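Okay, so here's the structure we're looking at.
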DNA sequence: ATCTTATTTGAGTACTCACTCTAATTTGAG
DNA sequence: CTCAAATTAGAGTGAGTACTCAAATAAGAT
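Residue numbers (this note's numbering), protein chains in the order written: chain A, 236 to 419; chain B, 236 to 419.
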């Protein structure tokens, strides 16, 4: 993988992989369909990736990183901002949100690598929410804030989960309703 | 399936199916492992079920029905009761809870039958929560109560979802924290 | 232009899956 | 006890899976 062609092929494969995971889940994603979608033959796939698992892992890592809130921010956003960002992400990047949920559920069986990554990402998000909450409600002690943030983030994931079953589910509405858990 | 032996075999198969779905997910569950676990050969399996899908559907239907709160109750339980029942279910019947979440996530791809069943069950639960909430807070209008109930149930599912990733996650603690969404 | 190395080709392999079929065995109603 | 029907045994089928490999081609450093 030192020529331009290889890198481009690699990108196409990863994009196809991500799309398929969102649509079909981890197990429904096959080398055949990935290759067809990416316009590549199995030989090329295995020239660039060691295994299906490695490709999926790579694609999912990228997807999870993409979910991460902008790390530029330095403790400036409010809880409202964070909830809005969450809702926007779920509504605009439904595929990625679905990948996230799917991985979370499947991760007990699949690689501990992914499981760890999901957990770390979750923790990061909770921390971010907790900090925003503390700025808004400085009288709370840190543990209480962290607790509430954890409850809120889990609850938001529950809303996203339900959205995967019911497309018409109003994520924004319920997300903001749940926000009150933290602030009251 | 008219002799006793057939019924017993059927029960063993359904129990194995349910266990495997909880452990391995829908796609990870195979005829081979179901049969091994149930002490049965493929011929017997297909004497009793038309297909893998039918067996899974049957097992899951039973599991979801088992999740349903006691239908005897007639509007007597409080929101606290319902949250407690939810928590007890997740903690004592972790396998079933996991089946529920797995089916919910996979259902977009798998049968609409399951999807519908999950949605109906969800609606029933929301209704139950909304009624309890109205008894507690009669000043709320019905729509508002239903909204809050829906938010709470989704949030609780989010907690359960997280529990499938992190076994140490304290479902009870966060469930009760989230209860405040509805009551305040 | 040359020539090493990356990339692509695409048929092929070994394996697992859901599912079938025939023959043997067991069940229990009459 | 009899015997038709239910149940079980277990090898086998065809489709689909992840993955391989030797040969052809394309890329780009020199």
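The C-beta atom is built at its ideal place from N, Cα and C for all residues, glycine as well. Treat the numbers as computed from the prediction; the structure is a model and nothing was measured.
Could you name the residues of chain A that residue i contacts, counting a contact when the two beta carbons are closer than 8 Å?
{"i": "residue 313/B", "result": "Simply none; closest approach about 19 Å."}
In chain B, which residues lie with their C-beta within 7 Å of the C-beta of residue i?
{"i": "residue 341/A", "result": "260"}
Determine the chain A residues that contact residue i at a beta-carbon separation under 7 Å, and present them in chain order.
{"i": "residue 354/B", "result": "400, 401"}
Taking 8 Å as the CB-CB limit, is residue i close to chain A?
{"i": "residue 371/B", "result": "no"}
{"i": "residue 412/B", "result": "yes"}
{"i": "residue 368/B", "result": "no"}
{"i": "residue 319/B", "result": "no"}
{"i": "residue 382/B", "result": "yes"}
{"i": "residue 415/B", "result": "yes"}
Quick one: list the residues of chain B neighbouring residue i, beta-carbon separation under 8 Å, in chain order.
{"i": "residue 350/A", "result": "400"}
{"i": "residue 396/A", "result": "336, 339, 340, 389, 392, 393, 396"}
{"i": "residue 419/A", "result": "415, 419"}
Nearest chain B C-beta to residue i closer than 8 Å, yes or no?
{"i": "residue 386/A", "result": "yes"}
{"i": "residue 293/A", "result": "no"}
Just reading off the alpha helix (DSSP H) that residue i is part of, what are its end residues?
{"i": "residue 286/A", "result": "Looking at the DSSP string, residue 286/A is not in any alpha helix (DSSP H), and its letter there is neither H nor E."}
{"i": "residue 260/B", "result": "239-263"}
{"i": "residue 347/A", "result": "347-371"}
{"i": "residue 334/A", "result": "329-341"}
{"i": "residue 414/B", "result": "406-418"}
{"i": "residue 393/A", "result": "377-400"}
{"i": "residue 374/A", "result": "Premise fails: residue 374/A is in no alpha helix (DSSP H) and is neither H nor E."}
{"i": "residue 272/A", "result": "266-273"}
Find the residues of chain B that neighbour residue i, judging by a C-beta separation of less than 9 Å, and give them in chain order.
{"i": "residue 409/A", "result": "382, 385, 386, 389, 390"}
Any chance the CB of residue i is under 7 Å from a heavy atom of the ligand ATP?
{"i": "residue 289/B", "result": "With respect to the ligand ATP, the structure shown offers nothing to examine, as it has no ligands at all."}
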